[in-house]
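The working numbering applies: residue 15 is where the sequence shown begins, and numbers increase by one.
Virtual Cβ for every residue (Gly too), placed ideally from N, Cα, C.
Since we're looking at a predicted model, the values are computed, not measured.
The block underneath contains the structure these notes are about, expressed in structure tokens.
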Amino acid sequence: MPFTLFHYPVGYWSSKLDKRLVLPGLLMGSVIPDVEVVPLYLFFRGVITDHFILHSFVGALTLGLVLAVLVTRYIYPTLIGRIFNLDREELQDVCGITPHLVLSCAIGIVFHLLLDFPIHWYNHLLWPWVDPYLLVGPLAIFFATLLSADILVGYSVAGAFVSVIMALVLVQIVYSNKENRWRKLWIGH
Ligand SMILES: [Zn+2]
Numbered sequence: 015m016p017f018t019l020f021h022y023p024v025g026y027w028s029s030k031l032d033k034r035l036v037l038p039g040l041l042m043g044s045v046i047p048d049v050e051v052v053p054l055y056l057f058f059r060g061v062i063t064d065h066f067i068l069h070s071f072v073g074a075l076t077l078g079l080v081l082a083v084l085v086t087r088y089i090y091p092t093l094i095g096r097i098f099n100l101d102r103e104e105l106q107d108v109c110g111i112t113p114h115l116v117l118s119c120a121i122g123i124v125f126h127l128l129l130d131f132p133i134h135w136y137n138h139l140l141w142p143w144v145d146p147y148l149l150v151g152p153l154a155i156f157f158a159t160l161l162s163a164d165i166l167v168g169y170s171v172a173g174a175f176v177s178v179i180m181a182l183v184l185v186q187i188v189y190s191n192k193e194n195r196w197r198k199l200w201i202g203h
């Protein structure tokens, strides 16, 4: 990670790049790789790391992409509509499966992997071709060097550092969208 919710700003910003991109797809793409973290941690702790297939480009852009599209199409409209009291029909409309929705999910996924990469001391980005332990995040190395500590400390500090920045940006995004806040934050435009 950083904490999964803190991937939100990257999905939100990406929606500003091109009006055809679909905010719900970007958001779901930007969180979906972390659905593997809890089951891997609970059931395979000590055997494999809590990042695996969904944090590799090949796994995330196949299995992860299918998951992100399905969640955006079938869960997002009902869940977000209910929690934030938004128009269910408009949500269903925006979340329909189109090439732009699929592309948006893929972009969200890629940004998730790229945001995780600098922090982690192992990265499955190029799994199964490159050993994850050869891809050490530059921010983790930076903090480990700065603090004369081992890479695990560097990883923890890098994670906390990025999480704090993203939390502040998230607050700024929520605060700056005063009018139709929830609609802008969950449907877009
Ligand atoms: Zn992640």
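Looking at residue i: is its Cβ nearer than 8 Å to the Cβ of residue j?
| i | j | result |
| --- | --- | --- |
| G43 | I123 | yes |
| A172 | I133 | yes |
| V36 | L93 | no |
| A205 | L79 | The shown model of the chain, from 15 to 203, leaves out residue 205, and the question about it has no answer. |
| L139 | F57 | no |
| R195 | V185 | no |
Leaving out five residues on either side along the sequence, give the residues of the same chain with a beta carbon under 6 Å from the beta carbon of residue i.
| i | result |
| --- | --- |
| I201 | V108 |
| G25 | L40, L41, S44 and G122 |
| Y135 | One point to set straight first is that residue 135 is Trp, not Tyr, in the sequence displayed. Closer than 6 Å at the Cβ level, and outside the excluded window around W135, lie V150, A154, I165 and Y169. |
| K198 | N191 |
| V51 | D64 |
| P53 | none |
Can you name the start and end residues of the alpha helix (DSSP H) that residue i belongs to?
| i | result |
| --- | --- |
| V108 | R102 to V108 |
| I97 | Y90 to F98 |
| R195 | R195 to W200 |
| S29 | Counting along the chain, S29 falls outside any alpha helix (DSSP H), and DSSP gives it neither H nor E. |
| V45 | L37 to V45 |
Quick one: what's got a C-beta closer than 7 Å to residue i's C-beta in the same chain, skipping five residues either side?
| i | result |
| --- | --- |
| A74 | P47, L68, I123 and L127 |
| H21 | S44, V45, H126 and L129 |
| N99 | none |
| Y147 | Y136 |
| P91 | R102, L105, Q106 and C109 |
Excluding sequence positions up to five away, which residues of its chain have a Cβ less than 8 Å from the Cβ of residue i?
| i | result |
| --- | --- |
| I111 | V83 and R87 |
| V167 | F157, A158 and L161 |
| R34 | H114 |
| G95 | D101, R102 and L105 |
| L77 | I67 and L68 |
| P152 | P132 |
| V183 | P23 |
| V85 | M42 and I46 |
field: Length at least 4, wholly inside the segment 99-177: the alpha helix (DSSP H) runs in chain order
entry: 102-108, 113-130 and 152-160
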